[in-house]
Amino acid sequence: MKNTFSILFIALFFVACQQKIKPADVEKLNGYWEIEKVTFEKEKDKDYSINESYDYFKIDKNNKGIRKKVMPQLDGTFLVNDAYENVTVRFKDDKAYIDYSTPFTKWSEELITLKDDELVLMNAEKKEYHYKKTGPINLLGDGKKVK
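Going by the working numbering, the first residue of the sequence shown is number 2, and it counts up by one from there.
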């Protein structure tokens with residue numbers, strides 16, 4: 002009986018500690034995100050030490066926007082192309098989701114964590130994508146400020 006209460010208490014503790022993402026948090030998605038690792042349900046995690054591309058989100062007050070892959074350059078600029086995904090942030094049953102669409106397909110990911118500097122998304126295969134907030138870099142040392 003004592004063990005049952007201990008297990009129940011621990012389970013409630015973890016549920017209570019899980020971040021609840023609110024509509025006001027959605028603006029934190031805006032900007033550049035660099036993937037750090039992917040965690041798998043039954044496989045070893047995959048760490049990313051160097052990334053050739055970042056995910057750029059631009060979401061408006063109606064929870065609609067785009068996600069685009071951008072490639073940072075040494076001078077602080079980004080190489081971009083015309084490809085992007087339409088995104089909508091949706092709330093259902095105390096959870097938040099990002100719905101993506103292109104002319105070819107649609108899919109969703111659950112927002113697990115959304116903080117100023119941390120983003121965790123989980124897809125339908127239970128893979129968790131861990132991102133850190135980032136921005137332009139300038140390794141040329143030319144003294145120019147980057148936006």
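We put the beta carbon where it would ideally sit given N, CA and C, even for glycine.
Once the 5 residues before and after D48 are set aside, which same chain residues still bring their CB inside 8 Å of it? E37, K38
Between K21 and L122, what straight-line distance do the alpha-carbon atoms span, to the nearest angstrom? 13 Å
To the nearest angstrom, how far is it from the Cα of Y101 to the Cα of D46? Rounded to whole angstroms, the separation of the alpha carbons of D46 and Y101 is 24 Å.
Residues near I138 in its chain [Cβ-Cβ closer than 7 Å; skip 5 each side]: P73, G77
Give the range of the beta strand (DSSP E) segment to which I60 is assigned. 55-60
If you drop the 5 nearest sequence neighbours on each side, which residues of the same chain put their C-beta closer than 7 Å to that of Y55? Shown here for Y55: same chain residues with a beta carbon closer than 7 Å to its own, the five before and five after excluded, namely Y33, W34, E35, V71, P73, T135 in chain order.
When DSSP builds the beta bridges, which residues end up paired with T40? E129
Bridge partners - N87, DSSP secondary structure assignment: I67, S102
For A17, which three-state DSSP category applies? Confidence in A17 is poor, its pLDDT being 42 and thus under 50, which makes the residue's placement too unreliable to answer from.
Assigned secondary structure, K96 (DSSP; H/G/I helix, E/B strand, else coil): strand
Can you tell me which of V90, E44, N124 puts its alpha carbon nearest to the alpha carbon of A25? Answer by Cα proximity: V90.
List the endpoints of the continuous beta strand (DSSP E) containing I113. 107-115
Quick one, which of F92, N82, E53 has its alpha-carbon nearest V27's? F92
Anyone know if the C-beta pair for K29 and D95 falls short of 9 Å? no
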